[in-house]
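Residue numbers (our numbering): 9 to 757.
All residues carry an ideal CB built from backbone N, CA and C; glycine is no exception.
First comes the structure, then the notes that go with it.
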């Protein structure tokens, strides 16, 4: 199966969304299709062997909309950048926005005189001061309103025609029928009044109703379009992180070239203050890099030879060169953008209610409008045809389900954008909705609660010898070893600028330790079994210290010099500085915290004690973690799982919400629902808070969208709401929903 997103032109309401999805789902080989009104995109999951994008395009066009399929590059060797990937879509949106602006300006400029002429006709005394008769004023209004109707309103007429051809209906149908009714009634009343009236008096016209409705709806669309642009600022800001040029060294010559022309394995020079143009491996130099835009971490990261660097991050101080390993649409930044776009294009389960209503809403409204017309025509006999017609127009206009279609997606776009700003990538609307319902949260230990790497915590000399000497001797010996315990000892020696000594012999004792000669001193580093093997005595006091260190979850090494026990060295995987605070915060919002680990019970209990976790299960396999989560779910708990995304994959998949901690690699391959771009567990609480805030906004939006129609349609049917007021209220409702969603961008997590 392949999942792809396509831009769709012509969707204007929740009914449009439903029809696009339905048409695509009917195709054999398409397993799912999710359209999003706010992003104007549809995400389709299909079998590429059975379905081609051109097939999707044709089906959508047959439904009355336009699906844009990106044309493959004619230069496959060229690496497409994020900028070029978004170029077509941004150009299309910009063109559509300009067209809408022109339509609005023309309609508004012509609506003003039409409205003034209508006001003049209402005051008989005013007619004495102008050189026109009432009939002549109607003809002037007809000419002006025709330009508004056929130019400003052509998008509604075109949309209505598409729905009629396919025996469907949407908001374009409602607007087109409503404005057409007012326009053509006024047209005939002006051109052939004897068709409508038996006497020769000048008929009342509603040209101002037609023009004002079209102008107000165009204004609402224009404001809505501007607001939707703001909701996509998260994507835009991420795209702008990537520079457009790079300094590449080829044949020992530095060249400033377009990022489009950068190739894999190119050597790129980055100076202080410049943005890193692509992903790669540092090959020369040293620097610190600001990666906050990708990870949320405010502290710059030191970069040495062989360190990974990521496109879009900012070089702070030193110059360096790196070898390009990925760029453009293959980079980490592009993967993040794709994740955010996928999340923004997804649906929350709560939206299913809106979709269900939207699928039957327009036909129901057409039925209500017919009942309204018949009721006004035949029940109160004194009511004339024009009054019944105007009430029908008001019903049709007020019922447009724009706000309903925007209520959920605009909130999800804003919520996922805020998450991206904090280094929290939320993969779908479903996970965004579900996160705040979590009752139990399960943590992996290594790399999640802890740093995921061993560090030297204690060097305890047992005789008259200082720590630096001990460290110098054992680090010199460990430098020859490839054992996992060797690296942290060598690393701490380098950090403390300890002098490495000459080693004249080196021997490994598997499962016990190492032995060698350093500065003519025989050094042994290993466990108690190795000391016993070489008859090196461990007295009661040293044994007691060793047990105490072990009970704290530390690995203890014994060090002897020339056959005499000289020191103890302890190493452990330290708990992250943020873990305790994060866990306290999660408990404070009512979550039950668990820790599952494959590590031994002693170490697990030590970490659990430090982290203040009561529920601990140790010495289990990855598959057993998922089984424990399943048992918690069977007890009715909504379970969130936090892990490193590799050995925890089964548990992350089993959990209701899988939260993976990643620090810059393989983000796109992660199967979790939420991806944290840095290791600070406080982001877990932030994700849950964001979920709560987003759901609150969605519920507010749906409430206003529903209550607006529930109250307004009966008022319009009873003649208490004019078509002009209906058009203004409809436009205002959409803008209100989008603006309410934009409030999410201001929240502080």
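- If we count the other Cβ atoms within 10 Å of its Cβ and call it buried at 16 or more, is residue 717 buried or exposed? buried
- Inter-stretch contact at 8 Å, needing at least 3 Cβ pairs: the stretch 488-505 / the stretch 586-598: no
- Just the Cα atoms here: how many angstroms apart are residue 318 and residue 258? 21 Å
- Message: By DSSP's criteria, residue 75 is part of a beta bridge. Which residues make up the other side?
- Response: 16
- Message: Assuming residue 615 is part of the beta strand (DSSP E), what are its boundary residues?
- Response: Here residue 615 belongs to no beta strand (DSSP E); instead the alpha helix (DSSP H) covers 609-619.
- Task: For residue 458, name the three-state secondary structure that DSSP assigns.
- Result: strand
- Name the DSSP beta bridge partners of residue 515, please? 523
- Task: Measure from the alpha carbon of residue 436 to the alpha carbon of each residue in 39, 341, 740 and 44, then state which is nearest.
- Result: 44
- Query: Are at least three pairs of beta-carbons, each pair with one atom in the stretch 592-604 and one in the stretch 471-480, less than 8 Å apart?
  - Reply: no
- Would you mind sorting residue 287 into buried or exposed? The rule is 16 or more other CB atoms within 10 Å of its CB. buried
- Query: Is DSSP giving residue 598 helix, strand or coil here?
  - Reply: coil
- Could you name the residues of the same chain whose beta carbon sits closer than 8 Å to that of residue 159, not counting the 5 residues immediately before and after it, in chain order? 111, 114 and 115
- Message: With three or more beta-carbon pairs closer than 8 Å as the criterion, would you say the stretch 690-710 touches the stretch 440-453?
- Response: yes
- Query: Does at least one heavy atom of the ligand NAD sit under 8 Å from the Cβ of residue 495?
  - Reply: The ligand NAD is not part of this structure, which contains no ligands at all.
- Item | Beta-bridge pairing of residue 328 - partner residues as DSSP gives them | 278 and 293
- Selected residue, minimal CA-CA separation from residue 451, among 650, 233, 713 and 329: 650
- C-beta atoms of residue 482 and residue 529 nearer than 9 Å: no
- Message: Just verifying my parser: in three-state terms, what is the DSSP assignment at residue 298?
- Response: strand
- Message: Using only CA atoms, which one of 685, 638 and 652 lies nearest to residue 664?
- Response: 638
- Message: With the cut-off set at 9 Å, would you say residue 161 and residue 72 are in Cβ contact?
- Response: no
- Message: Only counting the same chain, and skipping five residues up and downstream in sequence, which positions put a Cβ closer than 6 Å to that of residue 91?
- Response: With a pLDDT of only 49 at residue 91, under 50, the local geometry of the prediction cannot be trusted, and the value read off the model is given with reservation. Answer for residue 91: no residue qualifies.
- Item | Between the CA atoms of residue 405 and residue 183 - distance to the nearest angstrom | 6 Å
- Cα-Cα separation between residue 632 and residue 626, rounded to whole angstroms: 10 Å
- By DSSP, does residue 183 sit in helix, in strand, or in coil? helix
- Can you list, in chain order, the residues of its chain whose CB lies under 7 Å from that of residue 723, leaving out five sequence neighbours each side? 729
- Message: So for residue 540, helix, strand or coil by DSSP?
- Response: helix
- Message: Can you confirm whether the stretch 184-203 touches the stretch 213-223 when touching is taken to mean that 3 or more C-beta pairs between the two stretches lie within less than 8 Å?
- Response: yes
- Message: Here's the rule I'm using: 16 or more other beta-carbon atoms within 10 Å means buried, otherwise exposed. How should residue 151 be labelled?
- Response: exposed
- Task: Could you check the C-alpha separation between residue 628 and residue 585 for me, to the nearest Å?
- Result: 25 Å
- Item | Beta-carbon proximity list for residue 82, same chain, < 8 Å, skipping 5 on both sides | Residue placement at residue 82 is poorly supported in this model, since its pLDDT is 40, which falls under 50; the coordinates still yield a value, given next. Answer for residue 82: no residue qualifies.
- Do you know how far the Cα of residue 708 is from the Cα of residue 18? 27 Å
- Message: Based on DSSP bridge pairs, tell me the residues matched to residue 288.
- Response: 317 and 332
- Query: What residues in its chain sit with their C-beta under 7 Å from that of residue 65, if we drop five residues either side in the sequence?
  - Reply: 75 and 77
- Task: To the nearest angstrom, report how far apart residue 606 and residue 641 are at their CA atoms.
- Result: 21 Å
- Message: Check for me: the beta strand (DSSP E) holding residue 432 runs from which residue to which?
- Response: 432-434
- Task: Using three-state DSSP, classify residue 569 as helix, strand or coil.
- Result: strand
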